[in-house]
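S.K.: Have a look at this one before I ask anything.
The structure is reproduced here in structure tokens:
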């Protein structure tokens, strides 16, 4: 029998607001343990939360970019469970009235992964274990999160991977999170079940918690799919439970069963009041939203004439596309800039994280200046490349490396004269060419290029020489 | 003296330089030394800081600076109001070593106005109870009869004010915890409109019901203190502050033509003696020009179950944080972290608290939430609407504060419902977030005080105080039994 | 509505309170009384509950501004200074 994988994702995204969701401590990552804390985030008796306005705005942005409806009326609820990293023994979250509902993300196949809801909540602290002792750091307690919950629309590990990558990209685009899985600012829980192909009913699902890498997520899904299929094939049943993925063995193991599942006793957070979002506020945020990555890609390809492969690379990194947009301002061929970035600048960027930061020494203005020289025919592409390399090394402007003399202020008449000289001085080559040796013309062109120090346009020179010989 | 404004009296003594603040404070500290053993009203006495603050006030006065009405007035706060550097135990073993690192907003406001904090007062553990007997620090006694309870949960504050070992006290009222002890101790207890006094720093019992308010010897004092503490607080999202005008200005307004409503359901469990006194009070109101109207409120009979469901549900969540990890008591013996938490909570909480946590957990747990918690919420909104309708027909309601006068200590009821029924007159007010005041209206045959309750519409705190003041003035020549104890100025 | 000892045990587990048998039995009895009493309202009202804020206030927010956190010494003052800057639950032998 053929089986089909059915999965839904719950993705936690840490929001990059400056302060925490309910108090004014910093959200900065790291820091000495318990130094980003105050009576509110460590849950001292008598303290009260106060909601950070930006958290609501960020969630609305996330909702709009993922085609969600924004609830005009929303509220906060308490999710009760006792765990040492949770300083109040409840997490302030949203239960039945999340900020956003009913959206979707479109995959490259055109398939829509539906989003059930996006809600806001607080993160918990961090536990570490040392020689049997449990150590607790509450710096992360109260860092704002959104949780994005999909419908069970995902049918393969590849789809899950693309969904998460897309999500990561658009969240970065709208600037609400850096979505660094390795730092925990983006984490996924996967609900996964299998069913015979063609079957409508869902199978029993398991949940794999806290995936912090896309690669591991795909591997875990694949493993879990196979495990569940094996169980069904051998006549056994899948047990509803929470499982943990072990990246060393590439297996999943049971964490706790359904009977141990928490009863969260959700109820309305009485310390916070109703959130009312006006349509006008939603529209204002919608207007301020940046261009979506997929829209940007099609604009680069269709309007700017950037090859799709290059355009994808630029769109993939928010910083690069910002740089690109600045640098192409006033340049007639944006492709010159994309070539500079992907051809030259990428050589010095060693890994993904450097590409993400795109912290190069050349300013977009300086890169534009160089592109304009090339476009105006004042320098040739070879010189442009070598100059850009020097600029990337030093951060200096192109003028520092290109002398007045280098710049081709050579008029057409001079070139014509030089071409005539070349034809006169290389009668053998002319003969060879006329006898059908196409390549012989290169020697003549080379002569001109040499005497102009490479400033002339080789194609123009070749055409001129051809005219003279005929 | 007992039913006059003590605050104005002391303010005059200070500003006319007839007595220094230090002298007055010392008198109160001495009185605490003499009487706290029998009353057990204070958990902590802050002698040194009280004297330091007193000296500062004296300096201000000597420099001719203006001082606020409450500057230099020795007072006390319930031990569930957060005080930086001063034990805030909630009368629980769980917090018997907890010293906060921040101040409640009300304490900041009092400090800014030059208050003299004498100490922190006893209460039922985590404010759960109506006798002040569930305290980890032992029961408080009623100054009118040391064998009787002072009521609760703000029993320590009421006993301290009645016993003249504090000029006034701040208490908290979740289901009657200011008004009922005030009534048992023969003093004034004012529970303001929910949201007018900041809850920031009040250790939460039931967040949607809790409210801080004053316990005083007179309505005027209640008004003076309320005007200081009812400021909008940006730290409390549910805070609104009082309606612009200070209530003190409204006190002396005539109440002629005001309509005072009577709802029979408030009298249901009330004994005849108390009923008689309340009826007497109603006559007084009629004599000064108020119009009495009878009002039906069919939802009031459900107030008690609604209260217990909602209060316990919120409490079960609010008290989850006491796990021995960040502050407070931690069990000395455990095998793992989960056992540490479970044992800490078993040993750190008293019976009544555990009882209510479990009840609250029950009504919120899956399968029961719809039946209990959600129904109670629904009924709460019906009660709120019923009060809204009632206040279309009258300006305030009059009711007994408690169905009985103070009972003897260690009265153990087999039925937990009997104990809860004592709150029947007070809980509807919290459910609807209304302002209400309890003030003395006489005493029973054993000389134990009886209180009447004036309940107002939301944010009509000034009106409640005005109507209460009118009664107090009208009856000021009728002497109620007073306590011969503590400071006499 | 019947409350059993098993129910109360489950609640104790959920509330993270360890309790002895005697306490459990007494609590079960008390809970039964309170729950039957609480049940009264069940019959008295139906329909969906529409949530409202008691004082009709909406949208109370703080601006996204960072203020200095508390000194760690203060944060850890409830646990005698903690362990290397952490709150700690030490393993007991």
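Protein chains in written order, with my numbering: chain A, -9 to 460; chain B, 26 to 514; chain C, 4 to 96. Every residue gets a Cβ at the ideal spot worked out from N, C-alpha and C, and that includes glycine.
1) Name the residue from B/56, B/211 and B/201 whose alpha carbon lies nearest to the alpha carbon of residue 243 of chain B.
2) Is the shortest distance between the beta-carbon of residue 26 of chain B and the beta-carbons of chain A less than 9 Å?
3) Within 10 Å of its beta-carbon, does residue 263 of chain B have 16 or more other beta-carbons around it, so buried, or fewer, so exposed?
4) Please report the distance separating the alpha-carbon of residue 26 of chain B from that of residue 138 of chain B.
5) Going along chain B, which residues have a C-beta under 9 Å from residue 470 of chain A?
6) Could you check what DSSP says for residue 332 of chain B in three-state terms: helix, strand or coil?
7) Please confirm whether residue 417 of chain B has its beta-carbon closer than 9 Å to some beta-carbon of chain A.
8) Taking Cβ-Cβ distances shorter than 9 Å, what residues in chain B pair up with residue 12 of chain C?
9) Since residue 77 of chain A contacts residue 128 of chain A with CB under 8 Å, what's their CB separation in whole angstroms?
10) Could you pull out every residue in the same chain whose Cβ sits closer than 6 Å to the Cβ of residue 345 of chain A, ignoring the five residues on either side in sequence?
11) Once DSSP output is grouped into helix, strand and coil, what is the label at residue 442 of chain A?
12) Considering only their Cβ atoms, is the gap separating residue 309 of chain A from residue 348 of chain A smaller than 9 Å?
13) My output table needs one value for residue 7 of chain A: the three-state DSSP class, helix, strand or coil.
14) How long is the line joining the alpha carbons of residue 163 of chain B and residue 61 of chain B, rounded to whole angstroms?
15) Write down every uninterrupted run of the alpha helix (DSSP H) in the region 66 to 109 of chain B whose length is 4 residues or greater and which is fully enclosed by it, in chain order.
16) From the beta carbon of residue -3 of chain A, is the nearest beta carbon of chain B less than 9 Å away?
17) Taking only beta carbons into account, state which residues of the region 217 to 230 of chain B come closer than 7 Å to chain C, listed in chain order.
18) Run through the DSSP bridge pairs and tell me what residue 197 of chain B is partnered with.
19) Runs of 4 residues minimum, wholly inside the region 93 to 119 of chain A: which ones carry the alpha helix (DSSP H) assignment?
20) Can you list, in chain order, the stretches of the beta strand (DSSP E) that have 3 or more residues and sit fully within the region 230 to 258 of chain A?
21) Can you find at least 3 beta carbon pairs, one from the region 146 to 161 of chain A and one from the region 111 to 130 of chain A, that sit closer than 8 Å?
22) Could you check whether the region 204 to 219 of chain B touches the region 175 to 191 of chain B, counting it as contact only if at least three pairs of C-beta atoms, one from each stretch, sit closer than 8 Å?
23) Helix, strand or coil: how does DSSP classify residue 281 of chain A here?
24) Taking buried to mean at least 16 other C-beta atoms within 10 Å of its own C-beta, is residue 140 of chain B buried or exposed?
25) Can you confirm whether residue 261 of chain A, when its beta carbon is compared against all beta carbons of chain B, has any partner nearer than 9 Å?
26) My parser needs the alpha helix (DSSP H) runs of 4 or more residues fully inside the region 363 to 428 of chain A; what are they?
27) Quick one: what does DSSP say residue 478 of chain B is sitting in, helix, strand or coil?
28) Locate the alpha helix (DSSP H) running through residue 28 of chain C, then write down its first and last residues.
29) Taking residue 199 of chain A as part of the beta strand (DSSP E), name the residues at either end of that continuous run.
30) With H, G and I counted as helix, E and B as strand and the rest as coil, what does DSSP make of residue 26 of chain B?
31) Touch check for the region 50 to 62 of chain A and the region 85 to 96 of chain A: three-plus C-beta pairs under 8 Å?
32) Can you name the residues of chain A whose CB is closer than 8 Å to the CB of residue 72 of chain C?
33) Please list, in chain order, all residues of the same chain as residue 441 of chain A whose beta carbon is under 6 Å from its beta carbon, the five residues on each side excluded.
34) Of all the CB atoms in chain B, is at least one closer than 9 Å to the CB of residue 256 of chain A?
35) Return the residues of the region 99 to 131 of chain A that lie within a Cβ-Cβ distance of less than 8 Å from chain C, sorted by chain order.
M.R.: Judging by the given coordinates:
1) Translated into the one-based positions of the second chain, residue 243 of chain B becomes position 218. Selected option, being the one with the closest Cα: B/211.
2) Locating residue 26 of chain B in the second chain gives position 1, counting from the first residue. Confidence at residue 26 of chain B is low in this model, with a pLDDT of 46, below 50, so its placement is unreliable and the value that follows should be read with caution. Residue 26 of chain B does not count as touching chain A.
3) Stepping through the second chain from its first residue, residue 263 of chain B is reached at position 238. So residue 263 of chain B ends up on the buried side.
4) The residue given as residue 26 of chain B occupies position 1 in the second chain. The residue given as residue 138 of chain B occupies position 113 in the second chain. Low per-residue confidence applies at residue 26 of chain B: pLDDT is 46, beneath 50, and the placement is therefore not dependable, though the value from the model is reported in the following sentence. Cα to Cα, the separation comes out at about 24 Å.
5) This structure cannot settle anything about residue 470 of chain A, because the visible part of chain A is limited to -9 through 460.
6) Stepping through the second chain from its first residue, residue 332 of chain B is reached at position 307. Residue 332 of chain B falls in the helix class under three-state DSSP.
7) Along the second chain, one-based indexing puts residue 417 of chain B at 392. Not closer than 9 Å to any Cβ of chain A, the Cβ of residue 417 of chain B fails to qualify, so no.
8) To locate residue 12 of chain C, count along the third chain from 1; it is residue 9. Within chain B, no residue comes near residue 12 of chain C; the closest Cβ sits about 10 Å away, beyond 9 Å.
9) Against the first chain, residue 77 of chain A aligns to sequence position 87. Against the first chain, residue 128 of chain A aligns to sequence position 138. Indeed, because the Cβ distance is near 6 Å, the residues count as touching under 8 Å.
10) Sequence index remark: in the first chain, residue 345 of chain A carries index 355 (1-based). Around residue 345 of chain A: 307 and 339.
11) Residue numbering aside, residue 442 of chain A sits at position 452 when the first chain is read from its first letter. If DSSP states are grouped into helix, strand and coil, residue 442 of chain A belongs with coil.
12) Counting from one through the first chain, the residue named residue 348 of chain A turns up at place 358. Counting from one through the first chain, the residue named residue 309 of chain A turns up at place 319. Yes.
13) The residue given as residue 7 of chain A occupies position 17 in the first chain. If DSSP states are grouped into helix, strand and coil, residue 7 of chain A belongs with coil.
14) Looking up residue 163 of chain B in the second chain gives position 138. Looking up residue 61 of chain B in the second chain gives position 36. Distance between the alpha carbons of residue 163 of chain B and residue 61 of chain B is about 12 Å.
15) 72 to 87
16) On the first chain, residue -3 of chain A is found 7 positions in, with the first residue counted as 1. It does not; no Cβ of chain B falls within 9 Å.
17) 219 and 220
18) What you label residue 197 of chain B is simply residue 172 of the second chain in a count that begins at 1. Answer by DSSP bridge pairing, in chain order: B/237.
19) none
20) 231 to 236 and 241 to 247
21) no
22) yes
23) Sequence index remark: in the first chain, residue 281 of chain A carries index 291 (1-based). Here residue 281 of chain A sits in coil by DSSP.
24) Numbered from 1 along the second chain, position 115 holds the residue referred to as residue 140 of chain B. So residue 140 of chain B ends up on the buried side.
25) Position 271 of the first chain, counting from 1, holds the residue named residue 261 of chain A. It does: the Cβ of residue 261 of chain A has a partner Cβ on chain B nearer than 9 Å.
26) 371 to 384, 402 to 415 and 417 to 424
27) As a working mapping, residue 478 of chain B is identified with position 453 in the second chain. Three-state DSSP puts residue 478 of chain B in a strand.
28) Here the question's residue 28 of chain C lines up with position 25 in the third chain. Per DSSP, residue 28 of chain C belongs to the alpha helix (DSSP H) from 24 to 47.
29) As a first step, residue 199 of chain A must be located in the first chain, where it is residue number 209. Residue 199 of chain A -> beta strand (DSSP E) spans 196 to 201.
30) Taking the second chain and counting its residues from 1, one reaches residue 26 of chain B at position 1. Reliability fails at residue 26 of chain B, whose pLDDT of 46 lies under 50, so the model's placement of it is uncertain and the value that follows must be treated cautiously. Residue 26 of chain B: coil per DSSP, three-state reduction.
31) yes
32) Locating residue 72 of chain C in the third chain gives position 69, counting from the first residue. The contacting residues are 15, 16, 25, 26, 27 and 28.
33) Looking up residue 441 of chain A in the first chain gives position 451. So the qualifying residues of the chain are 408.
34) Mapped onto the first chain, residue 256 of chain A falls at position 266. Yes, its Cβ sits closer than 9 Å to a Cβ of chain B.
35) 118, 121, 122, 123, 124, 125, 126, 127 and 128
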